[in-house]
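Data first, discussion second: the structure below is written as structure tokens.
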Amino acid sequence: MTRKITWFTALALGLTPFTHAETPAVPSLQSAASTTAVAATVDLAPVAPAALPNVPVRDVAYTFAKIAPPPGTFALRGTNPEGVIEFGVRSDEVVTHAMLNLEFTPSPSLIPVESQVKVFLNDELMGVTAITKDQLGKPTRFQLPIDPLYISDFNRLRLVFVGHYQNICENPASNTLWLDISKSSSLDLRYQSLSVKNDLSHFPEPFFDARDNRPLNLPVVFAAAPDVAQQRAASILASWLGDKAQWRGQNFPVLYNQLPTQHAVVFATNTQRPDFLKDYPPVKAPTVEIISHPDNPYVKLLLILGRDDNDLIMAAQGIAQGNILFRGQNVTVDKVEQLAPRQPYDAPNWVRTDRPMTFAELQQYPDQLQTTGLLPPPISLSLNLPPDLFLIRSAGIDMRLKYRYTSTRLMDGSRLSISLNNQFVQDYPLSPNTPEDSKILRLPLLQGLQDSAKRLTIPALKLGATNQLRFDFDYSTLLASGAEGRCETYSTAPNHAVIDGNSTIDFSGYRHFMEMPDLRAFANAGFPFSRLADLSETLVLVPPKPAPSQLTTLLNTVGNIGAQVGYPAVGINITDDWSQAKDQDVDVLIIGTIPPELRDDQKINLLVDQTQSWVKMPNRQTGLPDMLAPASDRVADSKTTISSEGAMSAIIGVQSPNFPQRSIVALLADSPHGYSLLNNALLDSGKREAVFGSVAVIRESGVNSLRVGDTYDVGHLPWWERIWHSLSTHPVLLAGVAVLVVVIAAMMAWRLLRLISRRRLSPDERD
């Protein structure tokens, strides 16, 4: 009777609208059993309710290669016996079925049965499997049903290796204690949709959900090909959503007069609306509203409504800068004021360059500056810098470091090692008598660092747009020792280490100057457009009647810039007339095709048309993206024209013809599939790393980049620093200038000494 009552309760809950995807605590119809696992059970095993009829469900298999920390495998050892996977559940879904498929290989030295693998979900034991004699040293598969009752919004799946290789005098650090978990292991989940209320107080859910680790995929609907004002409104919204998506990535497929089948955004004015909104009441002000899909109550549409295009822009600005006030099914945006203009290089996601920054300001999540364990994992901090920060000829970056740690028993070689971008910087011993310490150190830049004892030159450190600062607390812990017939063991205790949040790193006082074009700066930092975080000095040139694929490229690009700078593009401007764009002192982003007036410009090194394209090849191509090369290598020595029906896209960078400090970046493609290749490349972090130089060609095979044509400088350096910078890339010329300066100085000194000698020997001086 209890089961029946609870089942009806579950059915009622499933039919009731939810505003959050908190898994309901209801019992299952049956409990799963496994012959290879000992599951944690109770008298009445509670699991999620059975899937209801006519409710959308989706089955997803998350392989460890995708959801586990890189490289996707777990190498569990006696001193590091745990592996953790994290996953989330959207607020408009609930998990009704879960299965863990483990593939692992245990060490052949393990003692059977006494060695085990335990599985925890959110610190609840889900099951344990004992390693048998037949499994030792062989790949093994193991299935464990996971009770969905214990799956919440954010989840931690923890795998614990309990390994033994002998009964006495066992050393946890022995290299025979290991178990490797394959990246082909998977977590299979069945999601059931929940009907959520039409309430903007939860916005941006369900359109963007922070619990969802997948790239944001949100269709954008227009009545027809939008004008530049509607494109600007959509760009503001896309950049704000890109800021929310952050590392996940984002994709905004554009539809014209089509009813989407998933959560989507719809732009409409009183006179221009998609057919499915023709009977919708007209609005009297900029309006944001959430409604249910006319054919599917589990799908929501976000309506951006207005009397005209200007209302759509104001509504988008209201979302980007006032969504914290949203509630109810709809809101009207009465006024949006920009109280203070953005300053160059003040992007929220970038390290400040006007003052030192504390490590607490650089934190991205709680407890990031702490670590615990027998061998504590490293502490890492991301440093996002403006790409044009001029660090050449700098003595280094000042960092004031304060830290605390579990004191060691002896001076046993335990140390704190500091690395920047996987290059060693410095280490400090962990003393047994001082469990806290502070250091003032300088991160070396292009001059390099020498080890005074070994006279070994350590490679110079290079800072890019995105950098990783890592602190490794390496403890040398004695776990077991002894002689034949006698052993000594120690109980293991976790070590704790903390980097003080008041530690600082100082990038202030550096100038902004760099050589362009540099497509790596565009792909990874949105530069030069991101110099002002709101893109107020950016002008986008689009075709007069953009195709959906071209508009998708525009929204994806500004969304990507929003993710990199952490601020919506409320100042962006868009035009479809090159005659208006060419006379403005702004950086220009071209979507679609090169204007006819620019096609004959000698600085253009690649052109893409529908079936024909041409490219200029450099005299010598560098092998690595970061390799410095003389200007003679970039001189174009050939031009080739190719015709093909295959899809291709490209990114090119060039100096503005009218403003030498301004840049033009063009995103080109020959077909809708070519734009798809371009969007996928900008979404894929691996392919973005292959974008550099002045030309990047994107095909089915991947990305190929070239450094070809003239370069130019943006930013400002004093004349004396500019001279040194110019000479630094020409060592022979620098040596010649140095010799000339020495000769001139010697001649001047010789003439001065000769003049003094003559005056001393003259008769007038003797008198």
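FYI, in mature numbering (1 follows the signal peptide of the UniProt record, and there is no 0) the residues of the sequence shown are -21 to -1, 1 to 746.
For each residue, glycine too, the CB sits at the ideal point set by N, CA and C.
Kindly give me the distance between the Cβ atoms of residue i and residue j, rounded to whole angstroms, as I take these residues to be in contact under 8 Å.
| i | j | result |
| --- | --- | --- |
| S172 | V262 | With a Cβ gap of about 29 Å, S172 and V262 do not count as contacting. |
| T572 | P522 | 7 Å |
| V244 | L281 | 5 Å |
| P265 | T311 | 6 Å |
| I643 | I569 | 6 Å |
| F305 | L179 | 4 Å |
| Y41 | L166 | 5 Å |
Taking 7 Å as the limit between beta carbons, can you name the residues of its chain near residue i, skipping five residues before and five after?
| i | result |
| --- | --- |
| T155 | S86, S88, Y144 |
| R137 | E61, V63, F99 |
| Q225 | A542 |
| Y129 | L100, N101, E103 |
| I298 | L216, W219, V267 |
| S509 | A326, I540, Q543, V544 |
| S736 | none |
| D222 | G541, A542, G545, Y546, P547 |
| P527 | V233, L234, Y235 |
Express the C-alpha separation of residue j and residue i in angstroms, rounding to a whole number.
| i | j | result |
| --- | --- | --- |
| R739 | R334 | 57 Å |
| P198 | Q402 | 42 Å |
| G505 | L514 | 10 Å |
| M596 | L533 | 28 Å |
| G480 | A54 | 31 Å |
| L353 | H475 | 9 Å |
| Y170 | S70 | 11 Å |
| D346 | A339 | 10 Å |
| T620 | K45 | 40 Å |
| A24 | P91 | Confidence at A24 is low in this model, with a pLDDT of 42, below 50, so the placement of that residue should be treated as unreliable; the coordinate-derived value is given next. C-alpha separation (whole angstroms): 30 Å. |
| H652 | N535 | 15 Å |
| I630 | K582 | 14 Å |
| L168 | H76 | 6 Å |
| Y384 | S361 | 22 Å |
| Y259 | Q209 | 19 Å |
| R449 | L442 | 14 Å |
| L719 | W729 | 15 Å |
| Y382 | D451 | 12 Å |
| K561 | N637 | 7 Å |
Where DSSP assigns a beta bridge to residue i, which residues make up the other side?
| i | result |
| --- | --- |
| I569 | L520, A645 |
| F121 | L81 |
| T615 | Before going on, a small fix: residue 615 reads as Ala here, not Thr. Its beta-bridge partners are P597. |
| R678 | G681 |
| I64 | L136 |
| F450 | I358, I397 |
| A629 | L647, V676 |
| residue 802 | An answer regarding residue 802 cannot be provided, because it is not within the stretch -21 to 746 covered by the chain. |
| M493 | V693 |
| W157 | R56 |
| T445 | N363 |
| F201 | Y235 |
May I ask you to report which of helix, strand or coil DSSP gives residue i?
| i | result |
| --- | --- |
| N539 | helix |
| P636 | coil |
| F246 | strand |
| R499 | helix |
| M726 | helix |
| P408 | strand |
| Q559 | helix |
| K381 | strand |
| V96 | strand |
| I292 | helix |
| Q342 | coil |
| H475 | strand |
| Y654 | helix |
| R667 | helix |
| K279 | strand |
| Q171 | strand |
| L256 | helix |
| G352 | strand |
By Cβ distance below 8 Å, which residues in the same chain neighbour residue i in space, the five residues on each side in sequence not counted?
| i | result |
| --- | --- |
| R578 | L586 |
| V682 | A660, K666, A669, V670, A675, V676 |
Consider the Cβ of residue i: report whether some Cβ of chain C lies at a distance smaller than 9 Å.
| i | result |
| --- | --- |
| Y382 | The structure shown contains no chain C, having only a single protein chain. |
If I measure Cβ to Cβ from residue i and keep anything under 6 Å in the same chain, skipping five residues before and after, which residues do I get?
| i | result |
| --- | --- |
| A295 | A212, I215, L216 |
| W157 | R56, S86 |
| F501 | V644 |
| T58 | P151, A152, L353, L354 |
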